[in-house]
Ligand code: ADP
Ligand code: ZN
């Protein structure tokens, strides 16, 4: 290396550039972490490139303090992908890297640190065979697991036996199990035994599978458009089996692992290879272990939520995005607002492997890509096995008596299904007891002090809470203004549960919402109550729409479908249709046919009618025509500059100046600035400026020249602002 060789280092700072350093005593490769002086601090960064010179005089450059990784931590292809993401979302590459790396690696922890592997000792095998652990079922379970499948890493154990730690202590003391520290190095995984499936693929599954197999080894985008229960997951499993057999690995993205433990367990049941699950409930150590296990090639399958799109798999052979329409793939907070689904396609393209997007309710973007010929649609129009599709019906709320949120026809249907021994699922997209607390004397409504929003009543805890900022206070008995009695208005899950408990005394009810289900173990317990048949009624929010398989649910009741029919957001209709179809898909997944009743105040609404008459595909066709006419995505391209400040006018003023800087760009229109739909949230005032274009390159070119100027604005310093490229919502 010549003395003038300069290291281009990405650092997690708000500045959208790389920083130049002189090499230290040890050479650093591209993709390695280095510790560098930055002002008076020492920061950990990643070497993005080497250059012959620098714009800064060499005399002013400082050398790196330490080279952390002797070998590159990130392979060139992954670095390139991250760099692309940074430029597309106009976010500093150092900050993008920070979002992609586990916290401990960002802090400079050795990437090759030893990982504990657990196994059963010969004494343990004997004890197991002799059945000498009869009165310690947890210990026996752990020992049996290790004997059959060990060695397992801590991460794996925690996933499979939630309370394995307690059981491990006595076993360790007695020498029945042992722990060995292994430094993860590149693993050459042996080809796994082929997974066994009990199902013969249906004709359509077979056709989809064949197209996918033919597409292996090169980039291709596929949309697996299959109704709920049509066997999409089965197709993923087969495809991944094929990929593993070729000695490659698979990345599976799903909306929320905590909420879909069934998906991960299906993978674990099917495959004997190590699987790393990457999700928000991992501790920092667990996340690091999972990351490493992917990086060294030990994990052959990585299943994860949004940020797993950056997982460093070796020999990647396919990317699957399950429930690709789900909004949670889009990071909508903070500065790096990426879409994991869109990035999955980009990553697949740069790696030269196929990407499979699966959904029963494909996003309009994905449908549009099919229409453009950029993506191949594979359809599974019918349910797998014997399951019949559910029948959908609207209940006109204006034509029937409604008692505490339940219309008469709906209540009668619930009576009937319960009497027939079916399970009933009641969906209401609102948690809490009631969305409003009102004084029946003076009309006072409990407001949030920090937001333009009402406080939600949580009756059981005796609290009022704001679902936008988290503000929380005791539930008053009387109106603070006039002293008269206050009463809850409207319905949330908690109240619906109460109503149903009164109407069906003795019928076990299980509630699914963020208040009742706080962690994975709560969810598993709730799901177990449903699948065992113990619970007869399920009440819940969106949480119930996510991929669960409840074979004995025969009736699905949707209580408040209307809420978003008149929303001004261009995506509201798409979301509503997806929610209805997804929740309806929980009904009648096994041998019994399902019935779906949707309560509505507007049963003549064209959206609801097209959805009922023609299903999601017909609805989407209609709605896409409207999008095209209005120039909304997927026909137009958007970016939204959002700003917020403590002072009421500050955000708007900043955005006005930003707009002025834009001038009159070619092929790009700016709209606004306007106050956000909810102006005041958590004590801050929000406003936004919308940037539109018909062409992605035009939009990108404009943003490239405009943003550096916006960054210079003095008025932006005291504010929070962020650019959202391809925003999901614009109001
Ligand atoms: P999806 O992912 O589309 O909701 P799944 O793959 O979960 O569908 O399949 C739904 C149910 O049908 C599961 O219980 C699955 O085991 C079963 N199944 C899938 N494919 C077949 C098949 N070819 N024959 C019989 N049953 C199947
Ligand atoms: Zn609030």
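In the numbering used here, the protein residues as written are 12 to 742. Note that CB positions come from ideal geometry on N, CA and C, so glycine has one too. Remember, predicted model here, so these are calculated numbers, not experimental data.
- Message: Our contact map puts residue 395 next to residue 551 with C-beta atoms below 8 Å; I'd like the distance itself, whole angstroms only.
- Response: Stepping through the chain shown from its first residue, residue 395 is reached at position 384. Stepping through the chain shown from its first residue, residue 551 is reached at position 540. About 24 Å; that fails the 8 Å criterion.
#### Entry: Heavy atom of the ligand ZN within 7 Å of residue 729 beta-carbon
By 1-based counting over the chain shown, the position of residue 729 is 718. Distances taken from the Cβ of residue 729 to the heavy atoms of the ligand ZN include none shorter than 7 Å.
Practice prompt. Per DSSP, which residues does residue 76 bridge with? Please list them.
Written response: Taking the first residue of the chain shown as 1, we reach residue 76 at position 65. Residue 76 pairs with nothing; no bridge assigned.
- Query: DSSP state of residue 247, grouped into three classes?
  - Reply: Counted from its first residue, the chain shown places residue 247 at position 236. Three-state result, residue 247: helix.
What does a CB cutoff of less than 6 Å around residue 608 pick up in its chain, not counting 5 residues either side in sequence?
Along the chain shown, read from residue 1 onward, the residue named residue 608 stands at position 597. Excluding sequence neighbours, residue 608 sits near 404, 406, 421, 424 and 568.
| Got a sec, what are the start and stop residues for the alpha helix (DSSP H) residue 423 sits in? | The residue given as residue 423 occupies position 412 in the chain shown. Secondary structure note for residue 423: its alpha helix (DSSP H) is the uninterrupted segment 419–430.
Exercise. Express the C-alpha separation of residue 48 and residue 14 in angstroms, rounding to a whole number.
Key: Indexing the chain shown from 1 puts residue 14 at position 3. Indexing the chain shown from 1 puts residue 48 at position 37. Unreliable positioning characterises residue 14 in this predicted model, as indicated by a pLDDT of 49, which lies under 50. A coordinate reading is not provided.
Grab the span of the beta strand (DSSP E) containing residue 94 for me, first residue to last.
The count along the chain shown starts at 1 and reaches residue 94 at position 83. Counting along the chain, residue 94 falls outside any beta strand (DSSP E), though it belongs to the alpha helix (DSSP H) covering 87–99.
- According to the Cβ coordinates, are residue 570 and residue 437 closer than 8 Å? Numbered from 1 along the chain shown, position 559 holds the residue referred to as residue 570. Numbered from 1 along the chain shown, position 426 holds the residue referred to as residue 437. Going by C-beta atoms, residue 570 is nearer than 8 Å to residue 437.
Exercise. Check residue 41 in the structure and name its three-state DSSP category.
Key: Stepping through the chain shown from its first residue, residue 41 is reached at position 30. If DSSP states are grouped into helix, strand and coil, residue 41 belongs with coil.
Item to complete: Write down every uninterrupted run of the alpha helix (DSSP H) in the segment 210–237 whose length is 4 residues or greater and which is fully enclosed by it, in chain order.
Response: Listed in chain order, they are 214–225.
Notebook entry, point to check: Pick from 147, 154 and 127: whose alpha carbon is nearest that of residue 139?
Noted result: Residue 139 sits at position 128 when you count from the first residue of the chain shown. Closest in alpha carbon position to residue 139, among 147, 154 and 127, is 154.
So is the beta-carbon of residue 688 under 7 Å away from any non-hydrogen atom of the ligand ZN? Translated into positions along the chain shown, residue 688 becomes position 677. Not under cutoff, so the answer is no.
**Asked** Measuring CA to CA, which of 258, 473 and 492 is closest to residue 483?
**Response** To locate residue 483, count along the chain shown from 1; it is residue 472. Sorting 258, 473 and 492 by C-alpha distance to the C-alpha of residue 483 places 473 at the top.
*Assign residue 1 to buried or exposed, taking buried as 16 or more other Cβ atoms, counted over all protein chains shown, within 10 Å of its Cβ.*
Residue 1 lies beyond the range of the chain shown here (12 to 742); nothing can be said about it.
Residue 470 and residue 444 - do their beta-carbons sit closer together than 8 Å? Counting from one through the chain shown, the residue named residue 444 turns up at place 433. Counting from one through the chain shown, the residue named residue 470 turns up at place 459. Here residue 444 is near residue 470, since their CB atoms are less than 8 Å apart.
> According to DSSP, what are the bridge partners of residue 388?
Replying inline: Here residue 388 refers to the residue found at position 377 when the chain shown is read from its first residue. In the DSSP assignment, residue 388 forms a beta bridge with 234.
query: Could you give the residue range of the beta strand (DSSP E) that holds residue 653?
result: As a working note, residue 653 is residue 642 in the chain shown. Note, residue 653: beta strand (DSSP E), 648–656.
- Which residue's Cα is closest to the Cα of residue 325: 332, 652, 309 and 333? Mapped onto the chain shown, residue 325 falls at position 314. Among 332, 652, 309 and 333, the Cα nearest to that of residue 325 is on 309.
TODO: Could you have a look at residue 627 and say whether DSSP puts it in helix, strand or coil?
DONE: For this step, residue 627 is matched to residue 616 along the chain shown. Residue 627: helix per DSSP, three-state reduction.
| request: Taking residue 348 as the reference, give the member of 187, 376, 110 and 299 with the closest Cα. | output: As a first step, residue 348 is located in the chain shown; it is residue number 337 there, counting from the start. Closest by alpha carbon: 110.
My output table needs one value for residue 466: the three-state DSSP class, helix, strand or coil. The residue given as residue 466 occupies position 455 in the chain shown. Here DSSP, grouped into helix, strand and coil, assigns residue 466 to coil.
(Q) On the criterion of 16 or more Cβ atoms from any shown chain inside 10 Å, does residue 295 qualify as buried, or is it exposed? (A) Looking up residue 295 in the chain shown gives position 284. Residue 295 should be labelled exposed.
Residue 700 to residue 680 span [Cα, whole Å]:
Working through the chain shown from its first residue, we reach residue 700 at position 689. Working through the chain shown from its first residue, we reach residue 680 at position 669. Each residue's CA atom was taken as its position, placing residue 700 and residue 680 some 11 Å apart.
### Query
Which residues bound the beta strand (DSSP E) around residue 732?
Residue numbering aside, residue 732 sits at position 721 when the chain shown is read from its first letter. Annotation: the continuous beta strand (DSSP E) that includes residue 732 extends over 731–736.
| task | Check whether the segment 15–26 touches the segment 43–62, taking contact to mean three or more Cβ pairs, one atom from each stretch, closer than 8 Å. | result | Contact between the segment 15–26 and the segment 43–62 is present, because at least three Cβ pairs lie under 8 Å.
Use the C-beta contact count for residue 508: other C-beta atoms within 10 angstroms, 16 or more gives buried, fewer gives exposed.
Within the chain shown, numbered from 1, the residue matching residue 508 stands at position 497. It counts as buried.
The ligand ADP and residue 242: does any heavy atom of the ligand fall closer than 7 Å to the residue's C-beta? Here residue 242 corresponds to residue number 231 of the chain shown, with the count starting at 1. Yes, the beta carbon of residue 242 sits closer than 7 Å to at least one heavy atom of the ligand ADP.
Q. Per DSSP, what kind of secondary structure is residue 617 in: helix, strand or coil?
A. Taking the first residue of the chain shown as 1, we reach residue 617 at position 606. Of the three classes helix, strand and coil, the one that applies to residue 617 here is helix, per DSSP.
Find out if the Cβ-Cβ distance for the pair residue 418, residue 610 is shorter than 8 Å.
Here residue 418 refers to the residue found at position 407 of the chain shown. Here residue 610 refers to the residue found at position 599 of the chain shown. When the beta-carbon positions are compared, residue 418 and residue 610 come within less than 8 Å of each other.
* Asked: Under the rule that 16 or more other beta-carbon atoms within 10 Å means buried, what is residue 491, buried or exposed?
  -> Taking the chain shown and counting its residues from 1, one reaches residue 491 at position 480. An exposed status is given to residue 491, since fewer than 16 other beta-carbon atoms sit within 10 Å of its beta-carbon.
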